[in-house]
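Scroll down for the structure; my scribbles are underneath it.
2 protein chains.
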Amino acid sequence: MHLTKFTDLGLRALMILGDTGAAGATDPAQRRTIGELAVQTAAPASHVKKVVARLTGAGILGSVRGRSGGVYLADGARSVDVGTLLRDLEGRHEVVDCDGDTPCPLARRDCSLRHLLADAQENFFSTFDGIALGELIDRNAAGAPTGPVSVGMPTTPAPRTYDTDE
Amino acid sequence: MHLTKFTDLGLRALMILGDTGAAGATDPAQRRTIGELAVQTAAPASHVKKVVARLTGAGILGSVRGRSGGVYLADGARSVDVGTLLRDLEGRHEVVDCDGDTPCPLARRDCSLRHLLADAQENFFSTFDGIALGELIDRNAAGAPTGPVSVGMPTTPAPRTYDTDE
């Protein structure tokens with residue numbers, strides 16, 4: 001079972017941006033460029049750009065143009081419900097592709113498995129209901145090691161392969 | 001969010017084999033060849049073969065060699081717990097690939113998101129705990145239309161693409 005690469009990348013970007021400090025546009029140190037996020041998430045910049053566009057459109061990220069510009073956690077982003085956020089990033093896809101290009105023959109009757117898989121998917125998402133993004137970020141900050149490990153620079157800068165159709 | 005193609009195919013094969021009638025090796029009408037299952041699941045025979053091998057190894061399917069041979073639901077298959085079955089087919093993969101070829105920088109600390117995603121995955125699987133495979137099959141049979149729709153022959157025989165690494 002896998003989340004889509006889109007969701008995966010969106011969550012990583014938010015956790016990294018949350019790691020820069022309090023949300024807001026005032027401090028340039030809280031901003032990251034698409035290129036910086038691409039390095040930090042080890043994903044192609046083109047994919048980061050799409051995810052950032054979605055999160056900016058949803059008001060979760062803000063952006064500042066110019067030389068010291070970049071994206072940052074928007075005001076109120078920390079109170080976003082992670083369950084709602086996950087459902088939005090994942091979209092309304094089923095966990096198996098019953099109605100794809102080659103529809104499953106079982107889909108032509110009222111398949112019991114399909115209903116249960118939908119229930120299971122909802123149980124997955126509801127695990128995150130009532131958890132605010134800021135809470136997740138704070139838990140991570142609390143669990144951060146005090147040694148020289150930096151979240152800002154991964155040891156392996158090679159881009160992770162992200163399929164565009166996932 | 002998607003189940004692996006391996007699990008997807010395994011579930012479809014089991015539902016189709018359950019649709020042939022009571023489990024058992026005695027009646028050739030209850031058996032399906034790899035080729036027949038490949039057509040009915042619209043998947044490549046090589047992938048069906050792998051899934052069938054796993055399910056046969058687990059004692060959920062039985063097989064008969066020869067001209068009227070094939071695979072069938074083994075005795076006891078109907079009492080298999082679907083939650084346990086799903087966990088077995090899916091394996092121990094995380095829903096995001098934190099420790100892949102390019103490990104996520106957040107994985108180096110005790111990432112709160114990772115723990116919650118594991119909880120969510122368990123909530124997904126536990127939806128199926130206590131549900132027997134036979135119960136799922138019977139629910140499908142009860143919901144079957146009485147018209148000419150046949151589960152046995154999909155309208156589109158073109159093979160669904162299954163990635164081997166999923």
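First to last, the sequence lines map onto chains H and V. With full-length UniProt numbering applied, the first sequence covers 1 to 166. With full-length UniProt numbering applied, the second sequence covers 1 to 166. Note that beta-carbon positions come from the ideal geometry of N, C-alpha and C, so glycine has one too. Bear in mind the structure is a predicted one, so any value in this text is a computation, not a measurement.
Query	Result
Sub-7 Å separation of Thr127(H) and Asp27(V) beta-carbons	no
Bridge partner(s) assigned by DSSP for Ser63(H)	Val71(H)
Cβ of Glu36(V) within 7 Å of any chain H Cβ	no
Close Cβ partners of Thr33(V) (< 6 Å) along its chain, the five nearest in sequence each way excluded	Gly70
Listed by chain order, chain H residues near His2(V) by CB distance under 9 Å	Met1, His2, Leu3, Thr4, His93, Glu94, Val95, Val96, Asp97, Glu166
Any C-beta of chain H under 7 Å from that of Leu61(V)	no
Proximal residues of chain V, C-beta to C-beta of Asp119(H) below 7 Å	Thr127
Nonlocal neighbours in the same chain, by C-beta distance under 7 Å from Ser79(H), ignoring five residues either side	Ala132, Gly134
Contacts of Arg78(H) in chain C (Cβ-Cβ under 7 Å)	As a matter of chain content, chain C is missing from the structure shown, whose protein chains are H and V.
Endpoints, the alpha helix (DSSP H) within which His93(H) is located	Per DSSP, His93(H) belongs to no alpha helix (DSSP H) and is neither H nor E.
Spatially closest choice to Ser68(H) from Phe6(H), Arg31(H), Ala141(H), by CA coordinates	Arg31(H)
Three CB pairs or more closer than 8 Å across the stretch 46 to 59 of chain V and the stretch 95 to 111 of chain V	no
Boundaries (first-last residue) of the alpha helix (DSSP H) holding Gln30(H)	Careful: Gln30(H) lies outside any alpha helix (DSSP H) and carries neither H nor E.
C-beta neighbour in chain V for Asp8(H), strict 7 Å	yes
Three CB pairs or more closer than 8 Å across the stretch 6 to 20 of chain H and the stretch 72 to 91 of chain H	yes
Where Ala43(V) falls: helix, strand or coil (DSSP)	coil
Same chain, Cβ closer than 8 Å to Leu117(V), five either side skipped, listed in chain order	Glu94, Val95, Val96
7 Å Cβ cutoff met for Val48(V) and Leu37(V)	yes
CB contact flag (Ser112(H), Asn123(V), <7 Å)	no
Start and end residues, alpha helix (DSSP H) containing Gly18(H)	5 to 18
Where Leu85(V) meets chain H, residues with beta-carbon distance less than 9 Å	By Cβ distance, chain H contributes nothing, its closest Cβ being about 11 Å from Leu85(V), past 9 Å.
Distance between Leu3(V) and Gly130(V) (C-alpha atoms, nearest Å)	20 Å
Reduced DSSP category for Ala132(H) - H, G, I as helix; E, B as strand; rest coil	strand
Cβ-based burial, Arg114(V) [other Cβ within 10 Å; buried from 16]	buried
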